[in-house]
Amino acid sequence: MNPDEEFPIRRVLDENGKLVGDRSQVSDDQLKHFFQWLVTLRTFDQRAWNLQRQGRIGTYPPFSGQEATQVGVVAALHPDDWICGSYRDWAALAYAGVPLYYPLLNSMGHPIAGRIPDNVNALPVQVVIAAQILHAVGLGWSAKLQGQNRVAVTFFGDGATSQGDFHESLNLASVMGAPVVFVCQNNQWAISVPVSKQMRSRTVVQRALAYDIEGIRLDGNDIIAVYQTLTEVVSKVRAGQGPVLIEAVTYRLGAHTTADDPTRYRTDEDNQRLSRGEPIARLKRYLLEAGIVTQEGVAAVEESAKQAVDDAVATAESYPKAAMEEIFDHVYGTLTQPLAQQREQFLARAGQGGARHG
Ligand SMILES: Cc1ncc(C[n+]2csc(CCOP(=O)(O)OP(=O)(O)O)c2C)c(N)n1
Ligand SMILES: [Mg+2]
Numbered sequence: 263m264n265p266d267e268e269f270p271i272r273r274v275l276d277e278n279g280k281l282v283g284d285r286s287q288v289s290d291d292q293l294k295h296f297f298q299w300l301v302t303l304r305t306f307d308q309r310a311w312n313l314q315r316q317g318r319i320g321t322y323p324p325f326s327g328q329e330a331t332q333v334g335v336v337a338a339l340h341p342d343d344w345i346c347g348s349y350r351d352w353a354a355l356a357y358a359g360v361p362l363y364y365p366l367l368n369s370m371g372h373p374i375a376g377r378i379p380d381n382v383n384a385l386p387v388q389v390v391i392a393a394q395i396l397h398a399v400g401l402g403w404s405a406k407l408q409g410q411n412r413v414a415v416t417f418f419g420d421g422a423t424s425q426g427d428f429h430e431s432l433n434l435a436s437v438m439g440a441p442v443v444f445v446c447q448n449n450q451w452a453i454s455v456p457v458s459k460q461m462r463s464r465t466v467v468q469r470a471l472a473y474d475i476e477g478i479r480l481d482g483n484d485i486i487a488v489y490q491t492l493t494e495v496v497s498k499v500r501a502g503q504g505p506v507l508i509e510a511v512t513y514r515l516g517a518h519t520t521a522d523d524p525t526r527y528r529t530d531e532d533n534q535r536l537s538r539g540e541p542i543a544r545l546k547r548y549l550l551e552a553g554i555v556t557q558e559g560v561a562a563v564e565e566s567a568k569q570a571v572d573d574a575v576a577t578a579e580s581y582p583k584a585a586m587e588e589i590f591d592h593v594y595g596t597l598t599q600p601l602a603q604q605r606e607q608f609l610a611r612a613g614q615g616g617a618r619h620g
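In my numbering, the protein residues as written are 263 to 620.
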């Protein structure tokens, strides 16, 4: 069986930026807006990598290659829909309205990065693989019980679909008819393990069959396909049709994190697949060839992206440092007895000049 025949990939812009489908649901202005965002996010991601190498931030998980999926999905949401993502989903959060300096503060270990601004309905990024999928089901189900017109969207990786949490979530959402959109970013790798080695299913989307929910496989590097499909899916889920599983087929262009070295496990063939069809090059080619942007327009987009990233770095680096005792905050509603004691000891020592702040 050829999975591409049985579970075809929806695509509007092919790998070379040629229009191969209907783009009637997205205007030229929206495409220019998406292009600006994709370029800004890519510029940010590359800068964050460099900042880690210069010792200015700690570990950082790059999202390059996955911008089209993250932006295209969030663009299809209403502002009060929920977003539950992982450590690799800062592009989605940024597009939803979280300032770009947040992921930098996150990689500096600043606790504020776990405090999503009030105007964005998102949970803090999750590092425990697949746990956010359960949270999305809880939020979606609760919205349904309360009669709210809200959808919960969760992003997770191909590796996460091997976790029990993923299967439990799909089952519960299906049984309860919870308004949840499950977005798997199949970026082909779970750290160094290729998807072919961690599951026997030929696609992620076929798992929707087991829970009798709708499943859609799409080209996650094609922002037009992502945005148009998700707009349609989110409105059906909002109208009460039950959950949907999306498999966005994409590729992680970089390393798993700044602590990883993919040259140790990627083959030459893998590397050749890398840049084929990546989201920004194909959109740029289409926009130029269709006369929607000019070369000067592209240069202006790149310049404004650089400016936005410079501003984010400046804000992060001048942000007031957290007090050390904040490590005790926000983990429990009420601090446990041993932790309360440690906090007191810490403050007593700090008062005697024994503990360092900052
Ligand atoms: C429950 C759990 N098990 C193991 C890990 C270690 N770990 C961190 S990232 C990762 C791979 C996840 O791959 P995938 O779900 O494809 O997401 P991606 O990193 O590709 O976005 C693993 C196993 C973890 N964080 N949580
Ligand atoms: Mg992955």
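Even for Gly, the Cβ is constructed at its ideal location relative to N, Cα and C.
Sub-7 Å separation of residue 388 and residue 431 beta-carbons: Within the sequence shown, residue 388 is the residue found at index 126, counting from 1. Within the sequence shown, residue 431 is the residue found at index 169, counting from 1. Not closer than 7 Å, so no.
Residue 513 versus 317, 502, 456, residue with shortest Cα-Cα distance: On the sequence shown, position 251 is the one that residue 513 refers to. Closest by alpha carbon: 456.
Rounded straight-line distance, which links the Cα of residue 558 to that of residue 392: Start at 1 with the first residue of the sequence shown, and residue 392 comes out as number 130. Start at 1 with the first residue of the sequence shown, and residue 558 comes out as number 296. Rounded to whole angstroms, residue 392 to residue 558 spans 43 Å at the Cα level.
Ligand 1 heavy atom lying under 6 Å from the CB of residue 351: What you label residue 351 is simply residue 89 of the sequence shown in a count that begins at 1. For ligand 1, not one heavy atom lies less than 6 Å from the Cβ of residue 351.
Cβ shell of residue 620 (< 7 Å), same chain only, five flanking positions each side left out: Looking up residue 620 in the sequence shown gives position 358. Bear in mind that a pLDDT of 42 at residue 620, under 50, signals an unreliable position, so the model cannot answer this.
Cα-Cα separation, residue 390 to residue 503: For the purposes of this step, residue 390 is taken as the residue at position 128 of the sequence shown. For the purposes of this step, residue 503 is taken as the residue at position 241 of the sequence shown. Answer to the nearest angstrom: the Cα atoms are 29 Å apart.
Option nearest residue 576 by Cα separation, candidates 269, 281, 361, 326: Against the sequence shown, residue 576 aligns to sequence position 314. Ranking 269, 281, 361, 326 by Cα distance to residue 576 puts 361 first.
Chain-order list of residues whose beta-carbon lies under 7 Å from that of residue 521 (same chain, five-residue window excluded): As a first step, residue 521 is located in the sequence shown; it is residue number 259 there, counting from the start. The residues are 321.
Start-end ranges of the alpha helix (DSSP H) lying completely within the stretch 391-443, minimum 4 residues: 393-407, 426-438
Residue range of the alpha helix (DSSP H) that includes residue 334: Against the sequence shown, residue 334 aligns to sequence position 72. Residue 334 -> alpha helix (DSSP H) spans 329-337.
Closer than 6 Å: residue 390 CB and nearest ligand 1 heavy atom: Locating residue 390 in the sequence shown gives position 128, where the first residue counts as 1. Flag set: Cβ of residue 390 near ligand 1.
From 579, 539, 479, 420, residue whose alpha carbon lies closest to that of residue 450: Position 188 of the sequence shown, counted from the first residue, corresponds to residue 450. Here the closest residue by C-alpha is 420.
Burial state of residue 535 (16 or more Cβ within 10 Å): Stepping through the sequence shown from its first residue, residue 535 is reached at position 273. It is exposed - the Cβ of residue 535 has fewer than 16 other Cβ atoms within 10 Å.
Cutoff 8 Å; reference residue 352; Cβ partners in own chain excluding five residues on either side: Counted from its first residue, the sequence shown places residue 352 at position 90. Taken in chain order, the residues that qualify are 325, 360, 364, 365, 368, 387.
Identity of the residue in 459, 586, 500, 425 nearest residue 246 by Cα: No answer is possible for residue 246: it lies beyond the span of the chain, which begins at 263 and ends at 620.
Reduced DSSP category for residue 384 - H, G, I as helix; E, B as strand; rest coil: Working through the sequence shown from its first residue, we reach residue 384 at position 122. Correct three-state label for residue 384: strand.
Whole-number beta carbon distance between residue 310 and residue 336, since they are thought to touch under 8 Å: Working through the sequence shown from its first residue, we reach residue 336 at position 74. Working through the sequence shown from its first residue, we reach residue 310 at position 48. That belief does not hold up - the Cβ atoms of residue 336 and residue 310 are roughly 19 Å apart, past 8 Å.
DSSP beta-bridge partners of residue 544: Position 282 of the sequence shown, counting from 1, holds the residue named residue 544. Its beta-bridge partners do not exist; DSSP assigns none.
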